[in-house]
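Engineer: Okay, handing you the structure first.
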Amino acid sequence: MDITLTSENIIEHAQHVLCLIACEWGGCEAKLNSWRQLQEHLKMHCRNQQAKGTYDCHFHRCAGRIHTSFVDLWEHVQLSHLSRITLICPISGCPHTFSGHRLSLVPHIQDIHMELVGRPIAEITGRLRPTYRPFSPVLRNLPPLPSNNAPIYMVTALPMSKASHPRGQRSEMLSQFTRGSRRMSRKELEEEEDAQPFSDLPNPDMEAINLSGKLILQPRSEQPWLQLSRPYSMGLSSRVEGTKPPVSISYRAFCTKFHGLEEAALINGTGEWPDAEEEGQ
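Everything in the sequence shown is counted per full-length UniProt numbering, starting at 1 for the first residue and increasing by one.
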């Protein structure tokens, strides 16, 4: 959407520019997003006063609070309060703000930003500050389709997102699924109870079946590679299996002491002392 700034619409466009403005009506904590939205909000306060049958201005530090009609109250709010709300320059990047709307903002645009006056400006270009009013995007023509077959790398698939369900709707769907599964299981049980065996199936004659064949039993093979229940080999060679473990120093000292006791005939290797054997005889 293109906007053409003129001396007639500069003030109106600046009133639609996005900016945070707090309502100063007594007891109201609302924050509006533009001068125009603040105007509509204050008009609502005046209509509420009209519904109560009183026409009092509730702005802080207001000298003319009491009025006789809605028209008088609304004119008072616009002349005494709305006219003091600061407007910002609608040109993007300009830091100037203005309190006297028509007396100071219009000359500023015509002098400082004269190259933008009287020419169409697209909102999407970023030359103007954004407003609270939505604007339609600029639709561009799609490129023509290729005359021949397009290669596979030029075809892009659109991303498919999973459908989102609210919490209440999801629980309702789950309960419906649970009730449906219960009905299906109940129906299956009823069908099993009503099931009847087929009478037309042929009954096999077990006596006529020849079971005289010999049952061949084979002994377990002694070869390890044919024994399926044999554990796998750990890959150790016979040399490693025949190697004796290392002997500790204490064991060597014990062996030396043991052989000395045998030579002295103090022990005979049976686990009993020779004196105990003689007493037993």
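Cβ coordinates follow ideal geometry from the N, Cα and C atoms, glycine included.
How big is the Cα-Cα spacing for glutamate 115 and arginine 140?
Structural biologist: Computed Cα separation, rounded: 27 Å.
Engineer: Can you say whether threonine 4 is buried or exposed, counting buried as having 16 or more other CB atoms within 10 angstroms of its CB?
Structural biologist: Exposed: under 16 other Cβ atoms inside 10 Å.
Engineer: Sorted by chain position, which residues of the same chain lie with C-beta nearer than 8 Å to phenylalanine 70's C-beta, five sequence neighbours on each side aside?
Structural biologist: For phenylalanine 70, where only same-chain residues beyond five positions count, the Cβ hits under 8 Å are Cys46, Arg47, Gln49, Gln50 and Tyr55.
Engineer: Just tell me which of Asp200, Phe59 and Thr68 has its CA closest to the CA of lysine 52.
Structural biologist: Lysine 52 has its Cα closest to that of Thr68, out of Asp200, Phe59 and Thr68.
Engineer: So, is arginine 61 buried or exposed, given that buried needs 16 or more other C-beta atoms within 10 angstroms?
Structural biologist: By the 10 Å Cβ count, arginine 61 comes out exposed.
Engineer: Does leucine 18 come out as helix, strand or coil in the three-state DSSP assignment?
Structural biologist: Of the three classes helix, strand and coil, the one that applies to leucine 18 here is coil, per DSSP.
Engineer: Proline 120 by DSSP, collapsed to three states: which one?
Structural biologist: Note: proline 120 maps to strand in three-state DSSP.
Engineer: Please name the residue in Glu29, Ser34 and Thr256 whose C-alpha comes closest to that of threonine 86.
Structural biologist: Checking every option, the nearest Cα to that of threonine 86 belongs to Ser34.
Engineer: Let me make sure I understand the geometry here. Which of Ser248, Tyr251 and Arg133 has the alpha-carbon closest to that of glutamine 37?
Structural biologist: Measuring from the Cα of glutamine 37, the nearest candidate turns out to be Arg133.
Engineer: Using 8 Å for Cβ pairs, my map puts leucine 105 next to isoleucine 10. What's the rounded Cβ distance?
Structural biologist: 6 Å between Cβ atoms; contact.
Engineer: How is the beta strand (DSSP E) around aspartate 200 delimited, first residue to last?
Structural biologist: Element bounds for aspartate 200: n/a, residue is neither H nor E.
Engineer: Taking the alpha carbon of aspartate 2 as the point to measure from, which residue in Arg65, Ser83, Arg127 and His113 has its own alpha carbon closest?
Structural biologist: The option with the nearest alpha carbon to aspartate 2 is Arg127.
Engineer: Rounded to the nearest angstrom, what separates asparagine 148 and proline 90 at their Cα positions?
Structural biologist: Looking at the two C-alpha atoms, the distance is approximately 50 Å.
Engineer: Taking the alpha helix (DSSP H) that serine 86 falls in, what are its first and last residues?
Structural biologist: Reading the sequence as shown, one finds threonine at residue 86 and not serine. Unbroken run through threonine 86: none, as it is neither H nor E.
Engineer: Using 8 Å as the threshold, is the C-beta distance between histidine 13 and alanine 30 below it?
Structural biologist: No; because the gap between Cβ atoms is not below 8 Å, this pair is not in contact.
Engineer: Can you tell me which of the three DSSP states leucine 103 falls into?
Structural biologist: Three-state DSSP puts leucine 103 in a helix.
Engineer: Can you give me the start and stop residues for the alpha helix (DSSP H) that isoleucine 3 sits inside?
Structural biologist: Looking at the DSSP string, isoleucine 3 is not in any alpha helix (DSSP H); the run it does join, the beta strand (DSSP E), is 2 to 4.
Engineer: Report yes if the CB atom of arginine 129 is closer than 8 Å to the CB atom of valine 17, and no otherwise.
Structural biologist: Contact flag set, yes.
Engineer: Can you tell me where the alpha helix (DSSP H) holding residue 284 begins and where it ends?
Structural biologist: Since the first and last residues shown for the chain are 1 and 281, residue 284 lies out of range.
Engineer: Give the secondary structure of glutamate 256 by DSSP, where H, G and I count as helix, E and B as strand, and everything else as coil.
Structural biologist: What sits at residue 256 in the sequence shown is threonine, not glutamate. DSSP places threonine 256 in helix when its eight states are reduced to three.
Engineer: Can you list, in chain order, the residues of its chain whose CB lies under 8 Å from that of tyrosine 251, leaving out five sequence neighbours each side?
Structural biologist: Cβ neighbours of tyrosine 251 beyond the five flanking positions: none.
Engineer: What is the C-beta distance between histidine 76 and glycine 93, in whole angstroms, given that I count them as a contact (C-beta under 8 Å)?
Structural biologist: So it is not a contact: roughly 36 Å between Cβ atoms.
Engineer: Just to confirm the assignment, what range does the alpha helix (DSSP H) spanning cysteine 46 have?
Structural biologist: Per DSSP, cysteine 46 belongs to the alpha helix (DSSP H) from 35 to 52.
Engineer: Output needed for aspartate 72: all residues of its chain with C-beta closer than 7 Å, excluding positions within five of it in sequence on either side, in chain order.
Structural biologist: Closer than 7 Å at the Cβ level, and outside the excluded window around aspartate 72, lie Tyr55.
Engineer: For proline 95, which option in Leu82, Pro144 and Ile109 has the closest C-alpha, if you only look at C-alpha atoms?
Structural biologist: Of the listed residues, the one whose Cα sits closest to proline 95 is Ile109.
Engineer: Hey, how far is the Cα of threonine 97 from the Cα of alanine 122?
Structural biologist: Rounded to the nearest angstrom, the two C-alpha atoms are 23 Å apart.
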